[in-house]
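A short worksheet on the structure shown next.
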């Protein structure tokens, strides 16, 4: 264990933790916006898988990671529109429809992977983007400023999302619609339009999260995300629907994952312990939920479809 | 029966059929895009599922775990709890019953089979009960907790099958395949007469469906479960122990899935518990597909019987389809997901049709309730 | 559009017809409003008043009929259309977002600033201006959840004034106010009509209607049954137009021998959901054969009091005794076992399960015992017999026992709940807002049932914000304000004025 506690290893672990947190953070921020508007999307996992495959396949064929990213986001947008229709036009039960999308994403991404690619061919990974000057600071530079582009995007999105929710008219509408949609409706705010926008942005971010995952790992396989999407949803609850706290949660999970990986690499854990350790994100999620589940702060209209005149 | 009333009766099934057809259409498009002929593919699918006595037996075999999980899901959903933990509960039941068979191989068949069934149900019930307790006493959203418990169960299974439960023969041979040894013959599910591979499990599954139906609609416990599912506030005011009902809902639900695990192990050809580390290899994704079957059966245990047979057929046929047109069986999983989405989307439409077709809405047992809302608040603890 | 002089017709609704499944909510209704007047829409619950105004506000679309505003035909398909025309609505259930501030609620939908930025500064300033001008005190930075009911209503009115409405509809605005607050409200409303606005006042409270209105339109079962003005009518006359027959405004009361003390509340302290005190040092006793009415505006601890007595809420300190047994903090089941029945305030949330059949709701309490069930198995024949009996005894109008309860009207659901509760032959009955949202026929029936129980030596605690009901039914009257018992008096000593002051928190001098 002493090998773990050297500066260079710790720094590398932190850097890795930040990188691993990115897909969680992206998906969770998207889900936060959606849930603030009153819509629960349990299909995040499915959208991430589809976005991951899209990014993977595009990069495989074009050798262009940017194209991969764009395709991932595009898939997210399409799924967002689909989920919007299901939730707002058909007013389907949000929990179950989300699981349906998850199953669909799981199957469809696997289907495409097996039929179009077959074996897990590696792809180009996202290259590091060094921030000039800042990246050269000892230790700190390596931890924070030598990450790939999507990491910066994800963390910049935190204040952006905060501003969007709290300082724009759209954000006011989102907050109103997620708490008391009747009130917003009675003042002429279109509940459905606001929710569509939130859902589409949220799913676009989920698609981006999937792309980030695939492009970080440089690979794709069945069920690549393995619960990441659901953990992201748990993070939204954990963060009490506030972007800054969601970020804290995502970093926490990233660090845990990075630490586990580092231990494996250093040989500190192996074999059966590996299984135990592979469980840890799931166990941690449950522990987190137990402590956070005083649902003060949940948007009151969450999962309730809006019918005018009811 | 007035014309409108007649229409109301058929509104439900008609819309369900529409959902399946819509999914089939999407599937056809996907098949065509992948270069396969949809006709050929669907033909292979249906033949592989129902084309011969053997095929139907295989479909029934595949349907058994779906039915068991589905009955459990119906109970849970009607009690207001969304149980996505079928996978984990199956594994828990399978593990516990396997360990029992390994520990007591010499018990006579007449004792051992019922024993492993009971133990399996208990195992699944406990795994479900954990999520139930988390929801009732810590307010944890059960969708998230059951999914996490799935992941944990898979890892526990990996751990045990690579460790203490591994077939000693594997260690000798050095191959280390994560599987148990061949379990006691006394626990083999007897094959049903008729020359197919159909075994006792099908009787167990159908019996379980009947038990599930009686539980939900003919017992006081079932009344309480449904009451809490519809309206926990009023149930509390009526003096019902809401939290306990929530836990029991997941216990019952988990127990049925646990039974599915037993059926999967002791009815299998290899008569052993085996995995390859993957999340759904052992269960065949029955934990998820069972949800589809339950929804399709209108959350009614008896209607889930034909629904699961249908979906079992789809899964069996998918393999035949893969052989015929080289399209991976994962297509069916994707289509199942779409069916869930379509069915759930159609519930409002069905309601409106039903209202339109009758002045006063009259509910019969087969009209499906809405699936529950996981984030609806549980009422605060009562004093004393 | 021409500017209107006072007295000119501002709004004309002609031939409005609106159908819902199984119900004709509005049947060729003609209704008009003049500039500068208060026009009351009177009718009992379900008469169609709210529906008519929701059509005006764009929340519903009528099957037939036309609307003209300021002389021009208008098509209103959504609230934003209504707002554009200058029509505002104060809803019965406030349309406010609790987690946002007053300013944010007022600004909602106005698109101040661009889509991307939002500047609430000018909004807050204007709110303060209007506050002064109309004597409508609201604090722009306060969060709605911090405000009491009367203040929230002021915010609702501020929203309308801010948007410069010329026609304002108020849907049962006084339901949640003390008599003093009602007077304040009427002052504000007179200010508004003084500047040429038209007001539609929806109500079923006859004395207020007589006080405030310039003109009155009465609706019954979706149709107009009369147009009148206060000078040419009376409360009895209005009641008759509302119901179509002679109405007994106060039920028959017989002399009843008062029996033993059955319910005793001693020094009760109960907390609200937020952890603040909801009931403070409350003492009250109810004897068999008497009705003790607890008057008070909703939200002053009545719900928490009822829940504490019935075991649904924790008692911090103090005691509850039922028939001399200490039942403090017993479970709901145990309290029922002690002989207590409860008709809750929110019947569809707490009293009945909408999706359950009538029969299932009726057996909700006694499902665990024979003959309804035997060792856990439900006995359907026994259930049928028992439920048919209850349904006929309590006049619950339902097509079958298998009908889902949500299909029934409010009055019948309430009768169902009462039937269920009384079938256990309680010695103590707690009735909370028993006739709220119930048509007059059912309300009359419920009152007679309560009187029957009283004659049967049952101790009845009647909690109601309807002063007519409290004064009509009670033997003794208590007033509850902010969780405290303000006063307890015999019925003969109670007047609307005296109760009104107490309800508003004005304590009486001890003589």
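Chains as they are written, first to last, in the numbering used here: chain B, 3 to 312; chain Y, 2 to 385; chain C, 45 to 555.
Backbone N, C-alpha and C define an ideal beta-carbon position, used for all residues, glycine too.
For the alpha helix (DSSP H) containing residue i, name the first residue and the last one.
i: residue 230 of chain Y; result: 221 to 231
i: residue 38 of chain B; result: 9 to 38
i: residue 284 of chain Y; result: Per DSSP, residue 284 of chain Y belongs to no alpha helix (DSSP H) and is neither H nor E.
i: residue 110 of chain Y; result: 110 to 139
Within 10 Å of its beta-carbon, does residue i have 16 or more other beta-carbons around it, so buried, or fewer, so exposed?
i: residue 483 of chain C; result: buried
i: residue 9 of chain B; result: exposed
i: residue 20 of chain Y; result: buried
i: residue 378 of chain Y; result: In this prediction, residue 378 of chain Y has a pLDDT of 42, which is less than 50 and means its spatial position is unreliable; what the coordinates show is noted afterwards. Burial call: exposed.
i: residue 414 of chain C; result: exposed
i: residue 278 of chain C; result: exposed
i: residue 539 of chain C; result: exposed
i: residue 360 of chain Y; result: Unreliable placement is indicated for residue 360 of chain Y, whose pLDDT of 45 sits below 50; no coordinate value is reported for it.
i: residue 1 of chain Y; result: Nothing about residue 1 of chain Y can be read from this structure; chain Y reaches only from 2 to 385.
i: residue 40 of chain Y; result: exposed
i: residue 112 of chain Y; result: exposed
i: residue 326 of chain C; result: buried
i: residue 569 of chain C; result: As displayed, chain C neither begins before 45 nor continues past 555, which places residue 569 of chain C out of reach and without an answer.
i: residue 107 of chain Y; result: exposed
Assuming residue i contacts residue j under a Cβ cut-off of 8 Å, what Cβ separation, rounded to an integer in Å, is found between them?
i: residue 27 of chain Y; j: residue 274 of chain Y; result: Going by Cβ atoms, the distance from residue 27 of chain Y to residue 274 of chain Y rounds to 36 Å, so no, they are not a contact pair.
i: residue 365 of chain C; j: residue 308 of chain C; result: 4 Å
i: residue 457 of chain C; j: residue 493 of chain C; result: That pair is no contact at about 15 Å.
i: residue 509 of chain C; j: residue 531 of chain C; result: Contact doesn't hold; Cβ gap of about 17 Å is too wide.
i: residue 110 of chain B; j: residue 346 of chain Y; result: Rounded, the Cβ-Cβ distance is 18 Å, inconsistent with contact.
i: residue 46 of chain B; j: residue 231 of chain B; result: 4 Å
i: residue 229 of chain Y; j: residue 247 of chain Y; result: 7 Å
i: residue 313 of chain Y; j: residue 63 of chain Y; result: 4 Å
i: residue 250 of chain B; j: residue 27 of chain B; result: Going by Cβ atoms, the distance from residue 250 of chain B to residue 27 of chain B rounds to 10 Å, so no, they are not a contact pair.
Identify the continuous beta strand (DSSP E) that holds residue i and give its terminal residues.
i: residue 22 of chain C; result: Nothing in the structure corresponds to residue 22 of chain C, since chain C is present only between 45 and 555.
i: residue 525 of chain C; result: 520 to 525
i: residue 109 of chain C; result: 108 to 113
i: residue 272 of chain C; result: 267 to 272
i: residue 247 of chain C; result: 242 to 247
i: residue 324 of chain C; result: 321 to 331
i: residue 213 of chain C; result: 211 to 215
Among the options, whose alpha-carbon lies nearest the alpha-carbon of residue i?
i: residue 396 of chain C; options: Y:114, Y:71, Y:87 and Y:238; result: Y:238
i: residue 294 of chain B; options: Y:184, Y:141 and Y:156; result: Y:141
i: residue 229 of chain C; options: C:546, C:197 and C:204; result: C:197
i: residue 338 of chain C; options: C:477, C:541, C:381 and C:176; result: C:477
i: residue 181 of chain B; options: B:132, B:4, B:36 and B:122; result: B:36
i: residue 481 of chain C; options: C:94, C:239 and C:79; result: C:94
i: residue 203 of chain B; options: B:105, B:29, B:12 and B:236; result: B:29
i: residue 288 of chain Y; options: Y:171, Y:103 and Y:93; result: Y:93
i: residue 207 of chain Y; options: Y:66, Y:15, Y:54 and Y:352; result: Y:66
i: residue 315 of chain Y; options: Y:61, Y:37, Y:40 and Y:41; result: Y:61
i: residue 6 of chain B; options: B:64, B:269, B:288 and B:277; result: B:269
i: residue 238 of chain B; options: B:87, B:228, B:160 and B:94; result: B:160
i: residue 214 of chain C; options: C:430, C:317, C:85 and C:488; result: C:85
i: residue 82 of chain Y; options: Y:242, Y:226, Y:236 and Y:56; result: Y:226
i: residue 89 of chain Y; options: Y:300, Y:221 and Y:153; result: Y:153
Q.
Tell me which residues of the segment 166 to 183 of chain B have at least one Cβ-Cβ distance to chain C shorter than 8 Å, keeping chain order.
A. 169, 170, 171, 172, 173, 174, 175, 177, 178, 181 and 182
(Q) Any C-beta of chain B within less than 7 Å: which residues of the segment 144 to 177 of chain Y qualify? (A) 144, 145, 146, 148, 149, 152, 153, 156, 159, 160, 163 and 164
**Q.** Interface positions of the segment 232 to 247 of chain Y facing chain C (Cβ-Cβ less than 9 Å), listed along the chain
**A.** Per Cβ criterion, the list reads 232, 234, 235, 236, 237, 238, 239, 240, 241 and 242.
**Q.** Near-chain Y residues of the segment 407 to 438 of chain C - C-beta to any C-beta below 7 Å
**A.** Against chain Y - using a Cβ distance shorter than 7 Å - the residues of the segment 407 to 438 of chain C are 408, 409, 411, 412, 417, 420, 421 and 422.
Q: Report the residues of the segment 128 to 151 of chain B with a CB closer than 8 Å to any CB of chain Y, ordered along the chain.
A: none
**Q.** Members of the segment 122 to 137 of chain C that neighbour chain B once the beta carbon cut-off is set at 9 Å
**A.** 122, 123, 124, 125, 126, 127, 128, 133, 135 and 137
**Q.** Interface residues of the segment 181 to 207 of chain B facing chain C [CB-CB below 7 Å]
**A.** 181, 182, 184, 185, 186, 187, 188, 189, 190 and 191
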